[in-house]
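Visitor: Starting off with a structure, shown below.
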Amino acid sequence: MKYSIFAMTLSASAMLAGCATTQGESAEGVAPTSATAVLLAADGSSRGEARVTEASDGLHVMVDAKGLTPGMHAVHVHGTGNCTPPDFTSAGGHWNPSGRQHGRDNPAGMHMGDMPNMIAGADGSGQMEYVIPGARLGSGGMPMLDADGAAIVIHAQADDNRSDPAGNAGGRVACGVISGG
């Protein structure tokens with residue numbers, strides 16, 4: 000009888016463990032493999048969303064924005080998961096765990112949070128996809144989602160891809176805290 004109860008308990012535990020997933024999991028000790036950010040303007044209105052997915056080649060960042068002024072906008076990963084309006088400076092500087100300078104065209108660059116510019120069309124919407132090579136969400140030596148988190152920030156202007164520290168990209172017009180799940 001005791002053996003049967005033990006066997007059933009062990010079997011039930013194994014079945015429950017098999018139900019766990021790693022994608023977006025927030026259980027202690029399990030790093031998420033995807034995360035999202037709801038992008039908001041300073042007035043709290045929606046500016047779209049971003050999704051970050053971990054893959055073997057790095058982090059795949061997909062931004063789907065709306066309500067922007069038509070034209071080119073810088074999009075960066077910032078090093079603090081805080082988007083306090085109106086200027087979103089609470090998101091800190093660009094995510095830069097390796098201590099480099101800013102910009103793809105800077106010989107001493109680039110930050111891990113530096114990404115290509117995004118074009119917003121006449122209707123104010125824009126999309127971009129980018130892979131941050133070798134980056135990880137919540138694991139490894141320099142995870143994006145460290146103790147103070149991270150945010151996606153859309154700037155008012157284009158990034159010149161060389162000026163340190165922020166590429167002369169202008170003010171922050173949208174911000175979203177990146178969270179696993």
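Per numbering that gives the first Met the number 0, residue 0 is the first one in the sequence shown, and the count goes up by one each step. No residue lacks a Cβ here, since even glycine has one placed at the ideal position from N, Cα and C.
1. Taking only the alpha-carbon atoms, compute the straight-line gap between G146 and G92 and give it to the nearest angstrom.
2. From G123 to D104, what distance separates their C-alpha atoms?
3. Can you check which of these residues, H75, V37, G66, G47, is closest to N167 by C-alpha distance?
4. With DSSP collapsed to three states, give me the class of S25.
5. What span of residues does the beta strand (DSSP E) with S33 cover, start to end?
6. Measure from the alpha carbon of M117 to the alpha carbon of each residue in N95, I151, P85, M109, then state which is nearest.
7. Strictly by DSSP, which residues pair up with S45?
8. Less than 6 angstroms between C-beta atoms, sequence neighbours within five positions excluded: which residues of the same chain meet that for Q100?
9. Note down, in chain order, each residue of its chain lying with its Cβ closer than 8 angstroms to the Cβ of I153, except the 5 sequence neighbours on either side.
10. How many Å lie between G78 and A121 at the Cα?
11. Our contact map puts G148 next to G80 with C-beta atoms below 8 angstroms; I'd like the distance itself, whole angstroms only.
12. Following the continuous beta strand (DSSP E) through H154, name the residue where it begins and the one where it ends.
13. At 4 residues or longer, what runs of the alpha helix (DSSP H) sit wholly inside the region 53 to 86?
14. Given that a residue counts as buried once 16 or more other Cβ atoms are within 10 Å of its Cβ, and exposed if not, what is D158?
15. Thinking M141 and S97 are a contact (beta carbons under 8 angstroms), I'd like their distance in whole angstroms, please.
16. Identify, in the order they occur along the chain, each residue of the same chain with its Cβ nearer than 6 angstroms to the Cβ of L58, setting aside the five sequence neighbours on each side.
17. Could you name the residues of the same chain whose beta carbon sits closer than 6 angstroms to that of A155, not counting the 5 residues immediately before and after it, in chain order?
18. So, for P84: in the same chain, excluding its five sequence neighbours on each side, which residues have a beta-carbon less than 6 angstroms away from its beta-carbon?
19. Just the C-alpha distance for M111 and I177, rounded to the nearest angstrom, thanks.
Guide: Working from what's here:
1. Rather than Gly, the amino acid found at residue 146 in this sequence is Ala. In a straight line, the C-alpha of A146 is about 15 angstroms away from that of G92.
2. In this structure, the alpha-carbon of G123 lies about 27 angstroms from that of D104.
3. H75
4. A caution first: S25 carries a pLDDT of 43, below 50, which makes its placement in the model too unreliable to give a value.
5. 33 to 39
6. I151
7. L39
8. A107, G108, D163
9. L38, R46, V62, A64, L67, H72, A73, V74, M117, R171, V172, A173, C174
10. 31 angstroms
11. 2 angstroms
12. Segment 150 to 154, the beta strand (DSSP E) holding H154.
13. none
14. buried
15. 7 angstroms between Cβ atoms; contact.
16. V51, I131, A134
17. G169, G170, V172
18. Shown here for P84: same chain residues with a beta carbon closer than 6 angstroms to its own, the five before and five after excluded, namely A41 in chain order.
19. One C-alpha to the other measures close to 15 angstroms.
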